[in-house]
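Working notes for the structure below.
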Ligand SMILES: [Zn+2]
Ligand SMILES: [Zn+2]
C-alpha cells in the first residue's frame, strides 16, 4: 500500500478527488471512525495497517488509495503536510488521531520512534530474561524490520542496548551474559569484540565452524609440537586415548577431532589408523 498526502496528488487527481470526494465528505467519514475528546487520545476505529496505524480510503472504496489516518487528521484540522515531513504523535499511541497530539517531524525521527515503539511492544519481561516475541533469524537472534521499503532489519539485542544503555562503538559486538540469544534485557548485555563474542560462544559450546586453524585458532589449547607428539604417540595405538587426553589436559572429544583430522588438518596423519582396535 502506498501512502500519499493530499498535497502530493498531481493536479488532475487532486481535481478528481475534489469533485468526487469533497474534503467535507472525507471529514465526515473520518469523524465517523473516532470518538473525539478534546485532550484524550482519539483512537481510530477504522481500518488499520499491518503495523497498527489507522488508515482511511480517500475514495471510500475498499481498494484505496489509502492515507494514514493521523496524516488525514493533520491535513483536515491543521494544514497541509510539507513534502518529506512526517506527522508524529507526541502521545506515542499508534491509533491516536487527535490533532492536538500531532506534530511535524522528519522521516528519520519518525522511523526511529516507530522502530522503538514496535520494539517495546514485542518482548515479555520475566524476572530473568526479557524474551523477544518477534521474528528470529536462523542463528536464534531476534530481529526487527527497520521500517520503510527495503530497509532491512536490525538485531533486537543491539537495538535494546542502544535504547537502554547507549551507542555501540563501531566494530564492537553486543554479547549476552545469559547465553539466551532472544533475550533483550539490557542488564544481560555487554559490549565485546568479535573475539570476546566467539570465545564466549566457544566456552558455552555454541560455536560450529572455527575459521582459523592450528595454534592461531583463538581456542587452541595445544601447540603444533604437542599435536605432532600426540599423533606420534597414537601411532599403532601405542597409548590409550584416555591417557593421552589426561596428559595433555584436553577432552576425549578434542583428542578425537585431532586424530580424525577435523582439527590440525595440516599435520600428516599416516599410520594413525593402522593397527589394532581402538581403545
Ligand atoms: Zn494521543
Ligand atoms: Zn537474558
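Numbering (my numbering), first residue to last: 1264 to 1542.
Here a beta-carbon is modelled for each residue, glycine too, at the ideal position from N, C-alpha and C.
As the structure is a prediction and not an experimental result, all values here were calculated from the model.
Exercise. Given that a residue counts as buried once 16 or more other Cβ atoms are within 10 Å of its Cβ, and exposed if not, what is residue 1401?
Worked result: exposed
For this session: Put residue 1426 into one of helix, strand or coil per three-state DSSP.
Result: helix
Exercise. Is it the case that the Cβ atoms of residue 1446 and residue 1420 are separated by a distance below 8 angstroms?
Worked result: yes
Problem set entry | Option nearest residue 1305 by Cα separation, candidates 1422, 1456, 1355 | 1355
Exercise. Would you say residue 1308 touches ligand 1, meaning its beta carbon is less than 7 angstroms from a heavy atom?
Worked result: no
For this session: Quick one: grab the DSSP three-state call for residue 1537.
Result: Because the pLDDT of residue 1537 is 46, which lies under 50, any placement of that residue in the model is unreliable, and the number read from its coordinates should be weighed accordingly. DSSP places residue 1537 in coil when its eight states are reduced to three.
For this session: Using alpha carbons as the reference points, say which of 1286, 1325, 1418, 1332 lies closest to residue 1317.
Result: 1332
Problem set entry | heavy atom of ligand 1 below 7 angstroms from residue 1333 C-beta | no
For this session: Return yes when at least one heavy atom of ligand 2 lies under 7 angstroms from the C-beta of residue 1438, else no.
Result: no
For this session: Measure the C-alpha to C-alpha separation of residue 1414 and residue 1431 and round it to an integer number of angstroms.
Result: 20 angstroms
Exercise. Should residue 1472 go down as buried or exposed, given a rule of 16 or more other Cβ atoms within 10 Å for buried?
Worked result: Because residue 1472 sits at a pLDDT of 41, beneath the cut-off of 50, its placement in the model cannot be relied upon, and the point is left open.
Exercise. Given that a residue counts as buried once 16 or more other Cβ atoms are within 10 Å of its Cβ, and exposed if not, what is residue 1423?
Worked result: buried
Exercise. Can you tell me where the beta strand (DSSP E) with residue 1438 in it begins and where it stops?
Worked result: 1436-1439
Exercise. Quick one: does the C-beta of residue 1376 sit closer than 7 angstroms to a heavy atom of ligand 3?
Worked result: No copy of ligand 3 appears in this structure; the ligands present are ligand 1 and ligand 2.
Problem set entry | Residues sharing a beta bridge with residue 1386, DSSP | 1395
For this session: Run the proximity test for residue 1218: is its beta-carbon closer than 7 angstroms to any non-hydrogen atom belonging to ligand 2?
Result: Only positions 1264 to 1542 of the chain appear in the structure, and residue 1218 is not among them; the question remains open.
For this session: Starting from residue 1521, follow the alpha helix (DSSP H) in both directions and report where the run begins and ends.
Result: 1515-1522
Exercise. Which first and last residues belong to the alpha helix (DSSP H) in which residue 1493 is found?
Worked result: 1487-1497
For this session: Go through its chain and collect everything with a Cβ distance to residue 1408's Cβ below 7 angstroms, but skip five positions before and after it.
Result: 1414, 1416
Problem set entry | Any non-hydrogen atom of ligand 1 within 7 angstroms of residue 1448 CB | no
Problem set entry | Delimiting residues of the beta strand (DSSP E) encompassing residue 1348 | 1348-1352
For this session: Would you kindly report the start and end of the unbroken beta strand (DSSP E) that includes residue 1341?
Result: From DSSP, residue 1341 is part of no beta strand (DSSP E); its letter is neither H nor E.
Problem set entry | Cβ neighbours of residue 1290 in the same chain (closer than 7 angstroms, five flanking residues each side left out) | 1339
Exercise. In three-state DSSP terms, what is residue 1322?
Worked result: coil
For this session: Go through its chain and collect everything with a Cβ distance to residue 1362's Cβ below 7 angstroms, but skip five positions before and after it.
Result: 1336, 1337, 1340, 1341
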